[in-house]
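Encoded as structure tokens, the structure appears first; notes follow it.
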Ligand code: ADP
Ligand code: MG
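In my numbering, the protein residues as written are -14 to 611.
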């Protein structure tokens, strides 16, 4: 670019010194220097039977040379290069912003293997390794805290500005910064599959995919460019031909030439002025900025299309466990029936649940351990999503799950039912335990609602959501309590995964586009069915995260209203961009046909429009924390 500018200055100087030969040499050098990239792209486009901006530019430059306007030809193509570079720079900047934020995984990790502490490369940590994290260090991998306690600064990953307290059992994310305490953790994913690594992949994916507005702009450019070419040809040749036929006879040829010089120049100006550079970059720059901005705040959006859709959401459906509640389920009560002891119930249930990823299962296993009940893992574990699970323990069929499951299978004995009623009355989640067709007992579990959830729900309403519902596989009484706590519009209880899908569809028919938030395997079908699926990133199951369109890294519900407003702001900015780009274009095309502007002014206007559009989009990057 500097070389191009230098040659142009040299040419201008020679012209001023009245040495036209030298000036032409300098300008041709400038053109040759700047035209290489557009020419290559134009050639590729023409071979693919397309006309794009690059073709437009190359034709404009060739025309200017043919008219002998060397200075203009050189400036036009150089300014075009500047605009292209500007666009690439913006996109690169946005991408770097993500990568910088993500280049946080330390390279080494301290692990304890076979009782010996050793330092290894972070990439060599495997699932199940015991990792030791000292005060002030960065956490090398994702995992669960097993011993010690500390506060952890999660801002590099989730954008949360306050340090979060971590105790044994809590999830810790790779890339976060440990505070004052030392702790040990069990790695739950190798370094290259950590939440951070997933973020980088998701962003890369998102950028490869194009948003609908982007596709609109592409389609537009595809018909627009040939149309402009035709118009330019008409402007260049029609008036001379009219003049020729009007004059008739001998003087005609000279008249034709004179007219062609005037109108040819105007046609060229039209070509250059019509270059839709600003229009072409109006959408991707805004979308990339918004995706980057969201990623920094712990909201991973898997593509511009999903971001755009968030603006239309009018109804939100929440899952309960792990979404509206922390999912840190704790066993509060264990009762045996018909002669089984509480420890007996716990032992059997824990043996089954030792293979479960469900928060209820994990809570039962943890409780059995703290109670000192020996747990022998069962075989043939099978999850019954939304209902419970079954397995073989000591050669007997064991089943744990909801009251509905036991009713369906006709396993609910009178004594089991009586105990269930007593516990469920208190609004606790209650699961039943059975073995070999007989009822063993019931387990009551408590979970704390997310305090921030109520604020998030108010903010969602402010962002334009008309209906907020709860979809849960848990019993009605527990759901009703949450309806009061959070001010929900409606609750649907005792739902199987397929019922959740039906609910989402019913909600869509009544209220319009539905956003579903969930964490579990049982939520995955509903996440896919919803217009926008949002998964919990820290506590969510892999299936939910894979299926969802958006992942909240820190499980923070306040990010939901943020997502909706970000989407609305992005669309507003894109609309403004398109209006600016098209408006300026239209004005210049008219001016060009009237012959009021000159070629370099046209290019300058286009670069200016690109700059305005870019600056407007970058505002999304800087938008304040929500
Ligand atoms: P939610 O929709 O609130 O996230 P789920 O659909 O995951 O809840 O579970 C619904 C119900 O199914 C639970 O309340 C529980 O009664 C039962 N359940 C599901 N999985 C298990 C399990 N692994 N162990 C025991 N009960 C379970
Ligand atoms: Mg759940």
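Quick reminder that beta carbons are idealized off the backbone N, C-alpha and C, glycines included. Bear in mind the structure is a predicted one, so any value in this text is a computation, not a measurement.
- Between residue 467 and residue 342, the alpha-carbon positions lie close to 24 Å from each other.
- Residue pairing from DSSP places residue 303 in a beta bridge opposite 455, 502.
- Remark: C-beta atoms of residue 220 and residue 251 approach each other more closely than 8 Å.
- In the structure shown, residue 211 falls within a helical segment according to DSSP collapsed to helix, strand and coil.
- Here residue 124 is buried. Its C-beta has 16 or more other C-beta atoms within 10 Å.
- 8 Å or more divides the Cβ of residue 285 from the Cβ of residue 435.
- With contacts defined by Cβ atoms closer than 8 Å, residue 430 and residue 287 do not form a contacting pair.
- In the three-state reduction of the DSSP assignment, residue 318 falls in the strand class.
- Among the bridge pairs identified by DSSP, residue 135 is matched with 151.
- Relative to the non-hydrogen atoms of ligand 1, the Cβ of residue 419 never comes closer than 7 Å to any of them.
- Nearest to residue 344 by alpha-carbon distance, out of 354, 167, 308, is 308.
- Ranked by Cα distance from residue 340, the options 326, 360, 330 are led by 360.
- The C-beta distance from residue 555 to residue 292 rounds to 6 Å, short enough to meet the 8 Å contact threshold.
- Under DSSP, no beta-bridge partner is assigned to residue 45.
- Residue 282 sits in coil when the DSSP states are folded into three classes, being neither helix nor strand.
- Put simply, of 375, 44, 68, 70 the residue whose alpha carbon is nearest the alpha carbon of residue 58 is 44.
- In this structure, ligand 1 has a non-hydrogen atom nearer than 7 Å to the beta-carbon of residue 345.
- For the options 121, 150, 111, the alpha carbon positioned closest to that of residue 130 is the one of 150.
- Nearest neighbour of residue 100 by Cα position, chosen from 114, 422, 166, 110, turns out to be 114.
- Taking 8 Å as the cut-off, the Cβ atoms of residue 172 and residue 126 count as close.
- Assignment of beta-bridge partners to residue 61 by DSSP yields no partner.
- Within 7 Å of the C-beta of residue 338 there is at least one heavy atom belonging to ligand 1.
- The region 8 to 15 makes contact with the region 49 to 63: 3 or more CB pairs, one atom from each, lie closer than 8 Å.
- In this structure, residue 37 has its CB at a distance of at least 7 Å from all heavy atoms of ligand 1.
- In this structure, DSSP gives residue 171 an extended state, which the three-state scheme calls strand.
- Bridge partners of residue 95 according to DSSP: 104, 117.
- Scanning 161, 128, 477 for the CA closest to the CA of residue 137 turns up 161.
- Look at residue 332 here: in three-state DSSP terms it is helix.
- With contact defined as three or more Cβ pairs closer than 8 Å, the region 412 to 429 and the region 440 to 456 are not in contact.
- By the Cβ rule, the region 500 to 517 counts as touching the region 296 to 310, because three or more pairs are nearer than 8 Å.
- Residue state for residue 417 is assigned as strand, using DSSP reduced to three classes.
- When secondary structure is reduced to three states using DSSP, residue 434 falls in the strand class.
- Ranked by how close their Cα comes to the Cα of residue 323, the residues 108, 382, 5, 425 have 425 in first place.
- Among the bridge pairs identified by DSSP, residue 254 is matched with none.
- Within a 10 Å sphere around the beta-carbon of residue 380 sit fewer than 16 other beta-carbons, which makes this residue exposed.
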